[in-house]
Amino acid sequence: MLWLPPALPDQRTAIRRAGPRDAAAMASVHVMSWQATYRGQIGDAYLDGLTVPAFDRHWRHIFAARGWAFVATVDDRVVGVASGGKCRRRNLAEGEVYVLYLDPVYKGLGLGRALFDACHYELARRGHADCLVWVLGTNADARGFYERLGGDLVAEGEIVLGGERLREVGYRWPA
Ligand SMILES: CC(C)(COP(=O)(O)OP(=O)(O)OC[C@H]1O[C@@H](n2cnc3c(N)ncnc32)[C@H](O)[C@@H]1OP(=O)(O)O)[C@@H](O)C(=O)NCCC(=O)NCCS
Numbered sequence: 510m511l512w513l514p515p516a517l518p519d520q521r522t523a524i525r526r527a528g529p530r531d532a533a534a535m536a537s538v539h540v541m542s543w544q545a546t547y548r549g550q551i552g553d554a555y556l557d558g559l560t561v562p563a564f565d566r567h568w569r570h571i572f573a574a575r576g577w578a579f580v581a582t583v584d585d586r587v588v589g590v591a592s593g594g595k596c597r598r599r600n601l602a603e604g605e606v607y608v609l610y611l612d613p614v615y616k617g618l619g620l621g622r623a624l625f626d627a628c629h630y631e632l633a634r635r636g637h638a639d640c641l642v643w644v645l646g647t648n649a650d651a652r653g654f655y656e657r658l659g660g661d662l663v664a665e666g667e668i669v670l671g672g673e674r675l676r677e678v679g680y681r682w683p684a
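Per this note's numbering, the sequence shown runs over residues 510 to 684.
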């Protein structure tokens with residue numbers, strides 16, 4: 510199997526498929542990770558306005574629309590979230606990893622790679638020939654991670670968040 514999670518001393522780690530019952534825990538990790546990661550990269554007002562109930566609704570909507578996601582767990586507690594699907598820019602790739610966020614406490618332990626591999630595998634299984642990820646240009650840590658995982662820088666774009674125009678870059682992997 511491609512995406513065995515790393516072993517942490519004295520803790521049981523797992524990567525598994527997520528469902529509606531995980532939505533609240535996923536929302537909590539998602540908001541925490543956004544606020545920790547993007548402080549200084551995205552405006553404070555926008556980050557401080559993110560709420561767990563809104564992200565909970567977002568995840569429930571994804572599952573209701575037959576979307577898929579994976580979670581990383583440590584001792585059965587959700588500490589990471591990832592999801593993907595059809596690429597929003599079909600001229601760049603067929604599949605896309607939309608979301609990949611960890612509780613900051615569990616960064617650097619191999620869980621990000623395991624979640625990414627799970628998404629990459631799922632995209633290939635669903636017939637998507639390749640895979641794209643968008644990342645903020647200023648998110649140097651994530652860019653280093655994606656480059657370490659062998660992604661090729663193939664695109665640049667802009668995203669508007671909280672009224673700010675931010676540069677984003679796209680990395681691509683073959684299937
Ligand atoms: C980005 C993120 C998902 C990576 O997950 P992680 O668990 O911290 O990374 P891993 O431990 O799985 O690292 C996998 C490999 O990448 C390497 N790596 C990680 N960050 C790196 C960096 N900044 N520069 C270079 N290499 C890096 C690791 O050393 C490891 O290499 P190895 O397997 O050869 O030893 C995680 O740190 C995170 O959630 N960051 C905040 C949210 C975020 O920015 N998400 C991406 C949004 S697009």
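Note that beta-carbon positions come from the ideal geometry of N, C-alpha and C, so glycine has one too. Computed from a predicted model, the values in this text were never measured in an experiment.
Collapsed DSSP secondary structure at residue i in the structure displayed
i      : result
ARG525 : strand
GLU605 : strand
ASP650 : helix
ARG622 : helix
PRO518 : coil
ALA574 : coil
ARG530 : helix
GLY679 : strand
ALA581 : strand
Of the listed residues the options, nearest to residue i (C-alpha basis)
i      : options                           : result
LEU618 : PHE572, TYR680, THR546 and PHE654 : PHE654
GLY604 : TYR680, GLU656 and LEU670         : TYR680
ASP661 : ALA684, ARG676 and PRO562         : ALA684
LEU607 : VAL644, VAL561, TYR615 and ASP639 : In the sequence under discussion, the amino acid at residue 607 is Tyr, which differs from the Leu named in the question. Selected option, being the one with the closest Cα: VAL644.
ARG599 : ALA578, ARG634, ASP639 and THR522 : ASP639
Classification of residue i by the beta-carbon crowding that lies within 10 angstroms, buried from 16 upward
i      : result
ASP612 : buried
MET510 : The predicted model places MET510 with a pLDDT of 46, which falls under 50 and marks its position as unreliable; any figure quoted below should be read in that light. Burial call: exposed.
ILE524 : buried
Check: residue i C-beta below 7 Å from any heavy atom of ligand 3
i      : result
ASP650 : Among the ligands modelled here, namely ligand 1, ligand 3 does not occur.
Exercise. Is it true that the region 558-571 meets the region 512-532, where meeting means three or more beta-carbon pairs spaced less than 8 Å apart?
Worked result: yes
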